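All letters in the sequence shown, in the order written, are residues 1 to 451 by full-length UniProt numbering. Ideal Cβ placement from N, Cα and C applies to all residues, glycine included. None of the values given here were measured: they were computed from a predicted structure. What follows is one structure encoded as structure tokens, with my remarks underneath.
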Amino acid sequence: GEDVVRALKGLWVHVMPGECFGLLGVNGAGKSTTFKILTGEILPDAGDARIAGHSILLALQQARQRLGYCPQADALPGDMTGREVLSMYARLRGVHESRVNPTVEVLLQQLGLDVGHKPKQWKRVRGIMHGAAAAVHKGGDWLGRLRGRSPAGSPAGGMSGAGHVAGTEDEEGGMGGRAVTESGGSLHSNRGAGTAGRGKGRKKGNAGLTSADTACGNYSGGSRRKLALAVALVGEPRVALLDEPSTGLDPGARRAMWSTLQGPHVLKAGRGVVLTSHSMEECEALCGRLAIMAQGQARCIGSVQHLKSRFGGGYMLEARLLPSPPSGSDAGSRGARGTSSGAHDTANSDAGGPEGLPSAAAAAGADDALMDACARDLVQHVNAVCPGARVVECDVTRLEVAIPRDSCSLADLFEVMEAASGPCQVASYALSQCTLEHVFVRLAGGESAAK
Ligand SMILES: Nc1ncnc2c1ncn2[C@@H]1O[C@H](COP(=O)(O)OP(=O)(O)OP(=O)(O)O)[C@@H](O)[C@H]1O
Ligand SMILES: [Mg+2]
1 GEDVVRALKG LWVHVMPGEC FGLLGVNGAG KSTTFKILTG EILPDAGDAR IAGHSILLAL
61 QQARQRLGYC PQADALPGDM TGREVLSMYA RLRGVHESRV NPTVEVLLQQ LGLDVGHKPK
121 QWKRVRGIMH GAAAAVHKGG DWLGRLRGRS PAGSPAGGMS GAGHVAGTED EEGGMGGRAV
181 TESGGSLHSN RGAGTAGRGK GRKKGNAGLT SADTACGNYS GGSRRKLALA VALVGEPRVA
241 LLDEPSTGLD PGARRAMWST LQGPHVLKAG RGVVLTSHSM EECEALCGRL AIMAQGQARC
301 IGSVQHLKSR FGGGYMLEAR LLPSPPSGSD AGSRGARGTS SGAHDTANSD AGGPEGLPSA
361 AAAAGADDAL MDACARDLVQ HVNAVCPGAR VVECDVTRLE VAIPRDSCSL ADLFEVMEAA
421 SGPCQVASYA LSQCTLEHVF VRLAGGESAA K
């Protein structure tokens, strides 16, 4: 054999505009390597890729210009503030000078980097209560709703028409109208140095400093992750490559990331996203299609629904078993289960069990020899009513069996399970639809175990 490990081989994917494509795989499957090749960080031995039509081999600069990249390990200039970093990348991506600040503010706000550690909503509301006029947030539909309901004499009137992004820093640090005016000015007339420099000077030593105005080297892990994600998205690149963007984010921040991606500036604007994640939930929430990778190769590519029905279609039967008594024999346990006579008869005939079980178990990587006699007995009974049933996982106390769709009557299956109360007892069992995780374990986990 050869000692060379090929981190990536033969991956063919076309990501459409507005599509979020997921790369799943166990550690070392080759996800980050894929991204490193697409960004030109490492050269492929063979093959090519195109970013918005530009070949990474022939026109890397053009390809890179259309790429946003959030690496798995953040590489941020630690002595720059979040605002400064984003403004810099916005300019590098060719955002028009007049759009740099608004672009940056929107991202800071969406990802929750502009608010320090206080809850955003609460602060906004407090701003209104205190009569800080013109605190209208861009896209702030909630304010419109509030305005409609607000009683006469409230500051609502002052808010209409302002239409700029109010720096939350002002609500936090400064008092009332003056600060808000400054913020408004910064967006509409400030040039060159940007809000970052100005804001930093003004706020130096101020207790109201927000995280967007602190050196990002001092950020918490989650904030660094948010900033790295913002860097990948700023300037609206045609394609964003996000390598585990949500790792380390708290649940709220993760939702904010999802809605940022699904929002009007990224997927809805027709930008493509390729992301890696170890969260099945995230992939189901975001990805139209995904690939499950193992050892540098895509094991499958398709929509979540397609993968579920193609590779995990049907149901998953999970049973908790009470360990069998040492003297328990096959004959004994079968006899005890005789209540379900129909299932009992077929289990012993050569049509179902004997043929279906061993091959299915081998195919799923389950070692027949390790299987407890009770589990084996139970599987035979299940196989009798569901000929296509496959053992996915099995140990002394737990049995997981995949039941193909339309392969059997669920009523029969329930009957078998209810009757399984001989010397080997089923403590509990559950029948559920296959999850993406089941598909993943089968296609990615099995491979790594075999390695
Ligand atoms: N610089 C390197 N030198 C040698 N081998 C490497 C290097 N970087 C990665 N590899 C190998 O390439 C394979 C794929 O690694 P890669 O980082 O792409 O995995 P991954 O899918 O991103 O994993 P994870 O989920 O842990 O991030 C692994 O076998 C890894 O050991
Ligand atoms: Mg990786």
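Buried/exposed call for residue i, threshold 16 Cβ in 10 Å
{"i": "residue 220", "result": "exposed"}
{"i": "residue 16", "result": "exposed"}
{"i": "residue 246", "result": "buried"}
{"i": "residue 252", "result": "exposed"}
{"i": "residue 439", "result": "buried"}
{"i": "residue 4", "result": "exposed"}
{"i": "residue 97", "result": "exposed"}
{"i": "residue 218", "result": "exposed"}
{"i": "residue 27", "result": "exposed"}
{"i": "residue 41", "result": "exposed"}
{"i": "residue 14", "result": "exposed"}
{"i": "residue 213", "result": "buried"}
{"i": "residue 310", "result": "exposed"}
{"i": "residue 411", "result": "exposed"}
{"i": "residue 354", "result": "Because residue 354 sits at a pLDDT of 35, beneath the cut-off of 50, its placement in the model cannot be relied upon, and the point is left open."}
{"i": "residue 45", "result": "exposed"}
{"i": "residue 228", "result": "buried"}
{"i": "residue 427", "result": "exposed"}
{"i": "residue 303", "result": "exposed"}
{"i": "residue 63", "result": "buried"}
{"i": "residue 244", "result": "buried"}
{"i": "residue 432", "result": "exposed"}
Proximity test, residue i beta-carbon vs ligand 1 heavy atom, cut-off 8 Å
{"i": "residue 25", "result": "yes"}
{"i": "residue 410", "result": "no"}
{"i": "residue 461", "result": "Absent from the structure is residue 461, since the part of the chain shown begins at 1 and ends at 451."}
{"i": "residue 243", "result": "yes"}
{"i": "residue 28", "result": "yes"}
{"i": "residue 7", "result": "yes"}
{"i": "residue 265", "result": "no"}
{"i": "residue 380", "result": "no"}
{"i": "residue 425", "result": "no"}
Check whether residue i and residue j have beta carbons under 9 Å apart
{"i": "residue 291", "j": "residue 86", "result": "no"}
{"i": "residue 260", "j": "residue 35", "result": "no"}
{"i": "residue 399", "j": "residue 319", "result": "yes"}
{"i": "residue 443", "j": "residue 396", "result": "no"}
{"i": "residue 409", "j": "residue 385", "result": "yes"}
{"i": "residue 308", "j": "residue 435", "result": "yes"}
{"i": "residue 232", "j": "residue 242", "result": "yes"}
{"i": "residue 114", "j": "residue 55", "result": "no"}
{"i": "residue 237", "j": "residue 66", "result": "yes"}
{"i": "residue 25", "j": "residue 293", "result": "yes"}
{"i": "residue 20", "j": "residue 288", "result": "yes"}
{"i": "residue 300", "j": "residue 77", "result": "no"}
{"i": "residue 226", "j": "residue 111", "result": "yes"}
{"i": "residue 271", "j": "residue 18", "result": "yes"}
{"i": "residue 401", "j": "residue 420", "result": "no"}
{"i": "residue 11", "j": "residue 240", "result": "no"}
{"i": "residue 90", "j": "residue 234", "result": "yes"}
Cutoff 9 Å: residue i Cβ touching any chain B Cβ
{"i": "residue 59", "result": "No chain B is present in this structure, which holds just one protein chain."}
Contact test: residue i Cβ vs ligand 2 heavy atom, cutoff 8 Å
{"i": "residue 268", "result": "no"}
{"i": "residue 39", "result": "no"}
{"i": "residue 32", "result": "yes"}
{"i": "residue 295", "result": "no"}
{"i": "residue 109", "result": "no"}
{"i": "residue 72", "result": "yes"}
Residues that DSSP places opposite residue i in a beta bridge
{"i": "residue 25", "result": "293"}
{"i": "residue 103", "result": "Note: residue 103 sits in no beta bridge, so no partner."}
{"i": "residue 402", "result": "316, 390"}
{"i": "residue 253", "result": "None, per the DSSP bridge assignment."}
{"i": "residue 89", "result": "Answer is none; residue 89 lacks a bridge partner."}
{"i": "residue 432", "result": "316"}
{"i": "residue 55", "result": "50"}
{"i": "residue 452", "result": "The question about residue 452 has no answer here: the residues shown for the chain are numbered 1 through 451."}
{"i": "residue 301", "result": "291"}
{"i": "residue 272", "result": "239"}
{"i": "residue 20", "result": "273"}
{"i": "residue 81", "result": "215"}
Closer than 8 Å: residue i CB and nearest ligand 3 heavy atom
{"i": "residue 276", "result": "Inclusion of ligand 3 in the displayed structure is not the case, the ligand content consisting of ligand 1 and ligand 2 alone."}
Open item on the list: Under 8 Å, with one C-beta from each stretch per pair, do the stretch 400-420 and the stretch 249-264 reach the 3-pair mark?
Closed with: no
TODO: Determine, using beta-carbon pairs with one atom in the stretch 64-76 and one in the stretch 95-103, whether at least three such pairs fall under 8 Å.
DONE: no
Open item on the list: Measuring CB atoms only, is the stretch 38-50 touching the stretch 77-93, in the sense that at least three cross pairs come out at less than 8 Å?
Closed with: no
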